[in-house]
Every structure is written in C-alpha cells, then in structure tokens.
Amino acid sequence: MDDQACPRCKTTKYRNPSLKMMVNVCGHTLCESCVDLLFLKGSGACPECKIPLRRTNFRVQMFEDSMVEKEVNIRKRILRDFNKREEDFSSLREYNDYLEEIETIIYNLANNIDVAETNKKIELYKKDNKEQIAKSKSKIARSEYELDEMIELEKQKEEEKRKELVKEEIEAKKRKIRDKAALIDELSFSDSNATSIIESFTSVIQKKEAKVPVKATQFSTGIKFGNQGNQSYLSVPKIEEGPLYSYTPIRQQIEGPSPPGWREIQARGYVSHVRNECDRDRAGGFKAHVACLRALQEAMAGLYHNPSQRQAEFATV
Amino acid sequence: MFPQSSQNKFWMFSDENDLTILREKTNAEFIEKHGANMTLEQKEEHFLSNTEERTLLRFYELQLRDFCRRFNPSMPRPTVATALHYFKRFYIKNSVMDYHPKEILVTCVYLACKVEEFNVSISQFVANIKGDRDKASDIILNNELLLMQHLNYNLTIHNPFRPVEGLMIDIKTRYTSLENPEKLRQHIDEFLERVFLTDSVLLYAPSQVALAATLHAASRASANLDNYVTDILFSREQLGGIIEAVRKIRSMAKCVEPPSREVIKALEKKLDKCRNQENNPDSEIYKQRMQEMLDEEDLQDNERYAKIIQDQAAYDDKILGVNKILSPIL
Numbered sequence: 001m002d003d004q005a006c007p008r009c010k011t012t013k014y015r016n017p018s019l020k021m022m023v024n025v026c027g028h029t030l031c032e033s034c035v036d037l038l039f040l041k042g043s044g045a046c047p048e049c050k051i052p053l054r055r056t057n058f059r060v061q062m063f064e065d066s067m068v069e070k071e072v073n074i075r076k077r078i079l080r081d082f083n084k085r086e087e088d089f090s091s092l093r094e095y096n097d098y099l100e101e102i103e104t105i106i107y108n109l110a111n112n113i114d115v116a117e118t119n120k121k122i123e124l125y126k127k128d129n130k131e132q133i134a135k136s137k138s139k140i141a142r143s144e145y146e147l148d149e150m151i152e153l154e155k156q157k158e159e160e161k162r163k164e165l166v167k168e169e170i171e172a173k174k175r176k177i178r179d180k181a182a183l184i185d186e187l188s189f190s191d192s193n194a195t196s197i198i199e200s201f202t203s204v205i206q207k208k209e210a211k212v213p214v215k216a217t218q219f220s221t222g223i224k225f226g227n228q229g230n231q232s233y234l235s236v237p238k239i240e241e242g243p244l245y246s247y248t249p250i251r252q253q254i255e256g257p258s259p260p261g262w263r264e265i266q267a268r269g270y271v272s273h274v275r276n277e278c279d280r281d282r283a284g285g286f287k288a289h290v291a292c293l294r295a296l297q298e299a300m301a302g303l304y305h306n307p308s309q310r311q312a313e314f315a316t317v
Numbered sequence: 001m002f003p004q005s006s007q008n009k010f011w012m013f014s015d016e017n018d019l020t021i022l023r024e025k026t027n028a029e030f031i032e033k034h035g036a037n038m039t040l041e042q043k044e045e046h047f048l049s050n051t052e053e054r055t056l057l058r059f060y061e062l063q064l065r066d067f068c069r070r071f072n073p074s075m076p077r078p079t080v081a082t083a084l085h086y087f088k089r090f091y092i093k094n095s096v097m098d099y100h101p102k103e104i105l106v107t108c109v110y111l112a113c114k115v116e117e118f119n120v121s122i123s124q125f126v127a128n129i130k131g132d133r134d135k136a137s138d139i140i141l142n143n144e145l146l147l148m149q150h151l152n153y154n155l156t157i158h159n160p161f162r163p164v165e166g167l168m169i170d171i172k173t174r175y176t177s178l179e180n181p182e183k184l185r186q187h188i189d190e191f192l193e194r195v196f197l198t199d200s201v202l203l204y205a206p207s208q209v210a211l212a213a214t215l216h217a218a219s220r221a222s223a224n225l226d227n228y229v230t231d232i233l234f235s236r237e238q239l240g241g242i243i244e245a246v247r248k249i250r251s252m253a254k255c256v257e258p259p260s261r262e263v264i265k266a267l268e269k270k271l272d273k274c275r276n277q278e279n280n281p282d283s284e285i286y287k288q289r290m291q292e293m294l295d296e297e298d299l300q301d302n303e304r305y306a307k308i309i310q311d312q313a314a315y316d317d318k319i320l321g322v323n324k325i326l327s328p329i330l
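Those protein sequence lines, which keep their order, are chains A and B. Mapping of the first sequence onto the UniProt record's numbering: residues 1 to 317, in sequence order. Mapping of the second sequence onto the UniProt record's numbering: residues 1 to 330, in sequence order.
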C-alpha cells in the first residue's frame, strides 16, 4: 500500500520514512526536498502541468488522493466567499439551488472544466455580493466571539466554586476540632455516664451533617440550571407520566402440594442434597438454591392433576 | 411450570379411551379421503386398520429409542423423551398411512435435539443414519416445518426427569427413615424408559409419572415409601386421585411388549401399498409435484425480474424523455 512516491525524484515512503508529500493548487504532488530544490526562488512551474506556482501555497498532503486534496483546497477558498446561510434565503428551494451552484463551481474548478468562465463567475459574484460577504464574515466572527465569552464565564464560575469548596473544607476541619475539644471537656468534667455523653454528641454531629447538603443550582460543569432559557434551544418536550408501576409477584398455579420457598430450602436442609455451586457458577449469579427450588417445584406441580376432571371441563365447554 | 404449559392445555387427554377415539377418527378420515370409491371389504383389504397402525407405531417407538441409544455423540435422556413425545403427538392427528413413521421418527429426533439444546448439525446427525444420507437430510429438513406445524408449535415438553430429582431431594430431606435413597435410581430409570413407550405421558402430569416411577422403584428395592406419600406429601382428601394415577401408570408400563417381526413385516408391506403417495419422496407423484413447485418459483422470479426491468424503463422514459439510453461508445 505504501507506494506513495514523489513523481520527480521517485523516492518512496519505504526508502525514506520521513518523506513528506506536498501539494499545490494544481493538485500535483511533490516531496518536500524537491519543493525545496525547485522553488528556491519562491516561485516556479509545476513539473507536471507547467502551471506557475508559488512556494507559499504548498501544503502537506493530508489525503492520499491528491485530487481530493485539491478539491478540499478549492472548497475552502470558495466557501470563504460563498458564505450565505439558510436564514438568508426566503425558501428552502432557493437555498438548495444556491448550494447546488456552489457545488458546480467547485466541481468545475477541481476537474478543470471551463476554468476561465467559472473564475469570471466567481469574480462577478464577489463584486455583486461584496457587502453581504463582509457581513456574513463578521457574523461568523461574532458568533465565535460569543462562544469565547461563554467559555470565559464558565471558567470564572469554576474558579469561584473551587475557592468555595476549599473554604468549606477548612471550616469543616475547624468545626471537627472544636467538637472534639468540647467532647473531651465534657468527658473530663461531667459526672454522667461516658457512653451516653458520646451518644448525645454523635447524634448532634450527625444532625449537623444532615443539614449541610444545599440544593444544587448548577450542573457539575458550572452551568446554571435555568440558563438554557435565553438560548435558542428547543425545550425538551414534557412526557406525560402515568401512574407509577408497582410490582406484584407472579402467582404460580401449582395444582399440587405447595413446595418449600427460597428460605425454607436453606433452613430445612433441602440444599444440602444437591451439588454445591462452584465459584464459576456463582460468578454468573447462579446458586444451588435455584436448581433445588426448581426441581422441588416441578416435582410438586401437577401432582393433583386429574385427567377425568378435564373431561368434565371439556363437556362444559 | 406444568399447570400453565401448552402441554397441559392442549396435549393432555382424559383417558386411553379418549386417545383411541381420536386415533380411530384420524384413521377413518384418511380411508374416507383416499378410498372413496371402494367397497367396505376392499377398504379393509387395502388400508391399515387402527389397531394395525397402533402396532406399527409401537414398533417405531422402539426403533426411535434404539436409534437414540446408538446415537453418536450419546444423547441425553430428556432429548429422547421429548422426541418420543413429539412422535406420539404427531400420530394422534395424522395417520401412519399419510406420513411414513420412519421419516417422522428422524425428524422428531432432530427437532428434539434442537429444542432440548443438544447441539448437533444436520451433517453430524445424518452420519448416524444408514443408507443414503443426502436423501435423509432432505427428508428431515423438508419434514421439520411440517412436524412443527402439526405440533401446533407447542414445542416445550415437561419431562419427568426434573420432578424425579425434586422428589429425591424431598425424600432425602423429609423422609430420613429411608436408608440410601440413591439405590432407587436404577429402578427409576428403568421404569421411565418403559413409561415413554406407553401413552401415559399423554394422560398424566410429569410429576405424577415421576412419583409412580419412584414408588415402583421403592417396591422393587423393597423399600417402604408409603408413609412418605400418605403422611408427608399428601393430605387425606387428595390421596385417592394420586393412588389411582400411580396404579394406572404402573399397569400401563407393565404391558409394554415389542410386536413380533413377522407381523411388522407384513404390516410394512401393506403400508407401502396404501400410503399416501403424495408424501412419499420416492414416488412419481411426489417428484412431479416438487418439480412443479420449483418451476413455479422460477417462473415467479422471472416474472418479477421482467417487471422490474419494465418499471425501470418506464421511469427512465419519464425522466429523460428518451426511449433508450444510447451508450456513448456505440
């Protein structure tokens, strides 16, 4: 697969592992050393299609297929100017036509079809839409700016939160020391029972701790719960909740003497008569009880079964 | 569990009489259908009677058991029991003359292997069959769906093996006066072998069969389980029914005897003549019908293909406004 080779010096990736392929606007590749050699002066002709190229336009090839590389490059350039968005059109149809047009231009340039004509078209578009292009560019910039601001805000909040946590921790430590001292004082000077004193102290501490949790107003990322309101997200649709599900155990009809239950098997020693589960069985959640219970249930189920009763049933049906 | 199972709901019959009536009906229906223009004597001469069918089936049940015993890799007992169960169920509602038992036999075993999670591939399975193996695998795979359909897709079978284990555990726990309950096992297994050749599995719950086996084994090993049954397991009012059931199962298991070879030979000869040729893979009718079905499928495929082509042409026509896309090279 590694047959990437420079068309000029024929070096391959195999022979020179640090080989870097470069590509220019025409879509033909050259290795880095050839670029250095040929474009010593800063500009020259492509050895394959003789198009004049500038050295600064060489980039490292990202895609194996240089045509893809070329197309990506063209696309980037075209989209910088053709930057209208869906909101700028009155109907979806128009927007789609616009996208179609962009694709045609890119395709033409990438495949060298009517290059001169297409370039003219682009120039014309640029001239016609100068104002709009500039506006759109600034719009994009502004939205990026907003994002930056949001990130900044978040960082600030995080910092605050961290500080608060540290403060709280110190406070808690202090309180603990205080409580301990009080307890020792009490123990050394009071006449009452030592255990009861300790108990009363622990209950007080527990009560305090139980009070601490404050209702969270932020996500763990530091964003406030209510913050989404002023953004243009769609609100999550509320699901109508029915009554809560409550579990009712399955009642099996046995038609026989009732078999012992899960507890009884253990208590009355039924389990000791089946093979004990080994570690490997237990890993899957299996216990000998299961097999034992099932065997007993099946032994009892249907013992009262009476064929002649069935006949009576059938007769009524 | 058994009381809620399809086995209890659809495949339990009230007594032997009930089964006989059903089988006679099946037999009569077949004769009615295939011998409409024969006199009564001709019919008797040509077709198998119900009792003859029963004899043949008993023979083939033994065959099935022996086939499973010889099976390589060795087959677990529940699989054999399930296969026998399927076999019995199938011939309650189908005549021996309609589907030959030797074909249904292997199909039952194959299906039972699947249901009881005894994993063998069809090639492995067919390796156990003497004779033409390709044909055998064709027969099995062709009949498998038919068998399931006639079983009404009630494939879960409750066998008495687990209940026997349960009873053993219970006896060991609650009836400690019995010494060495394990000595019963051998007799229990023997008894269960025989029970599966009778109709009692279609009449009684698996736990009842298990209890009968245990009691039978106890009497064979001269152990006394009477107190266990009367005092520990059952209350007074339930006792009558279960004693009757156990007695019946034991008496049914007693009178299992293989039919003689000569009788079977004569019956098979008769069967070869009167069997439904449409279901005989060696017959002309069967081959012809299969061929027709194949042709039909081919035809359908061709038609479908032609239609797709037409649709596409129409679509091209509509979109491009030309009748044919001309290749640029030509």
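A virtual CB, placed ideally from N, CA and C, is assigned to each residue, including glycine.
Counting only Cβ pairs nearer than 7 angstroms, list the residues of chain B close to Asn306 of chain A. Listed by position along chain B, the residues whose Cβ is nearer than 7 angstroms to that of Asn306 of chain A are Gly241.
Taking the alpha helix (DSSP H) that Thr55 of chain B belongs to, which residues open and close that run? Asn50 to Arg70
Helix, strand or coil: which one does DSSP assign to Cys34 of chain A? helix
Hey, how far is the Cα of Asn108 of chain A from the Cα of Glu292 of chain B? 58 angstroms
Note down the Cα distance separating Leu296 of chain A from Gln208 of chain B, rounded to an integer number of angstroms. 13 angstroms
Quick test of your reading: Ile102 of chain A and Ile74 of chain A, contact by CB under 8 angstroms. State the CB separation rounded to the nearest angstrom. In fact, because the Cβ distance is near 11 angstroms, the residues do not count as touching under 8 angstroms.
Partners in chain B for Ile254 of chain A, counting only beta-carbon separations shorter than 8 angstroms: Met1 and Pro3
To the nearest angstrom, how far is the alpha carbon of Ala245 of chain B from that of Tyr204 of chain B? Going from the Cα of Ala245 of chain B to the Cα of Tyr204 of chain B covers about 7 angstroms.
Give me the Cβ distance between Leu192 of chain B and Pro160 of chain B, rounded to the nearest whole Å; I'm assuming they're in contact under 8 angstroms. 6 angstroms
In chain A, what lies closer than 8 angstroms to Thr51 of chain B by C-beta? Ordered by position in chain A, no residue passes the 8 angstroms Cβ test against Thr51 of chain B, which lies about 23 angstroms from the chain.
Determine the contact status of Val109 of chain B and Leu64 of chain B, defining contact as a CB-CB distance below 8 angstroms. If you check the CB distance, Val109 of chain B and Leu64 of chain B come in under 8 angstroms.
Please compile the residues from chain B whose C-beta is within a distance smaller than 7 angstroms of the C-beta of Arg268 of chain A. Thr173
Any idea if Asn230 of chain A is buried or exposed, counting beta-carbon neighbours within 10 angstroms, 16 or more meaning buried? At Asn230 of chain A the pLDDT is 49, less than 50, meaning the model places this residue with poor confidence; the figure from the coordinates comes in the next sentence. Answer is exposed; the Cβ neighbour count stays below 16.
What's the gap between the Cα of Asp281 of chain A and the Cα of Lys287 of chain A? About 7 angstroms.
Going by C-alpha distance, which of A:Arg85, A:Met22, A:Gly242 and A:Cys34 is nearest Val60 of chain A? A:Met22
Okay, do the stretch 15-27 of chain B and the stretch 194-203 of chain B touch, 3+ Cβ pairs below 8 angstroms being the bar? yes
In chain B, what lies closer than 7 angstroms to His273 of chain A by C-beta? Ile169, Lys172 and Thr173
Under the three-state DSSP convention, the category Pro243 of chain A falls into: coil
Could you check where the beta strand (DSSP E) with Ala45 of chain A kicks off and where it finishes? Ser43 to Ala45
Does Pro163 of chain B come out as helix, strand or coil in the three-state DSSP assignment? Pro163 of chain B carries a helical assignment under DSSP once its states are collapsed to helix, strand and coil.
Using DSSP bridges, identify the partner residues of Ala5 of chain A. A:Thr12
Counting only the same chain and skipping the five closest in sequence on each side, list residues whose C-beta sits under 8 angstroms from that of Leu111 of chain B. Ala83, Tyr86, Glu144, Leu147, Met148 and Leu155
Can you check whether the C-beta of Tyr204 of chain B is within less than 8 angstroms of a C-beta belonging to chain A? yes
Would a check of beta-carbon distances place Asp226 of chain B closer than 8 angstroms to chain A? no
What in chain A is Cβ-close to Phe234 of chain B, meaning under 7 angstroms? Pro257
Residue range of the alpha helix (DSSP H) that includes Met300 of chain A: Ala288 to Met300
Take Glu123 of chain A as the anchor and find which of A:Met62, A:Pro52 and A:Arg77 has the nearest alpha-carbon. It is A:Arg77 whose Cα lies nearest to the Cα of Glu123 of chain A.
Could you tell me the boundaries of the alpha helix (DSSP H) in which Ala52 of chain A lies? It is Pro, not Ala, that sits at residue 52 of chain A in the sequence shown. Taken as a continuous stretch (DSSP letters only), Pro52 of chain A belongs to no alpha helix (DSSP H), being part of the beta strand (DSSP E) at Pro52 to Arg54.
Indicate whether at least one CB of chain B lies closer than 8 angstroms to the CB of Arg294 of chain A. yes
Among the residues of its own chain, which have a CB less than 6 angstroms from the CB of Ala5 of chain A, if the five just before and after it don't count? Thr12
Just to make sure I have the definition right: I need the residues of chain A whose C-beta is within less than 7 angstroms of the C-beta of Pro163 of chain B. Which are they? Glu298 and Ala299
How long is the line joining the alpha carbons of His216 of chain B and Asn119 of chain B, rounded to whole angstroms? 33 angstroms
Could you give the first and the last residue of the continuous alpha helix (DSSP H) run that contains Val109 of chain B? Pro101 to Val115
State buried or exposed for Thr316 of chain A, treating a residue as buried only when at least 16 other CB atoms are found within 10 Å of its CB. Note that Thr316 of chain A scores a pLDDT of 40, beneath 50, so its modelled location is shaky; the value from the coordinates is reported in the next line. Label assigned to Thr316 of chain A: exposed.
Who are the neighbours of Gly284 of chain A on chain B, taking C-beta pairs under 8 angstroms? Correct list: empty, because the minimum Cβ distance to chain B is about 17 angstroms.
Does Ser177 of chain B get closer than 8 angstroms to chain A when you measure Cβ to Cβ? no
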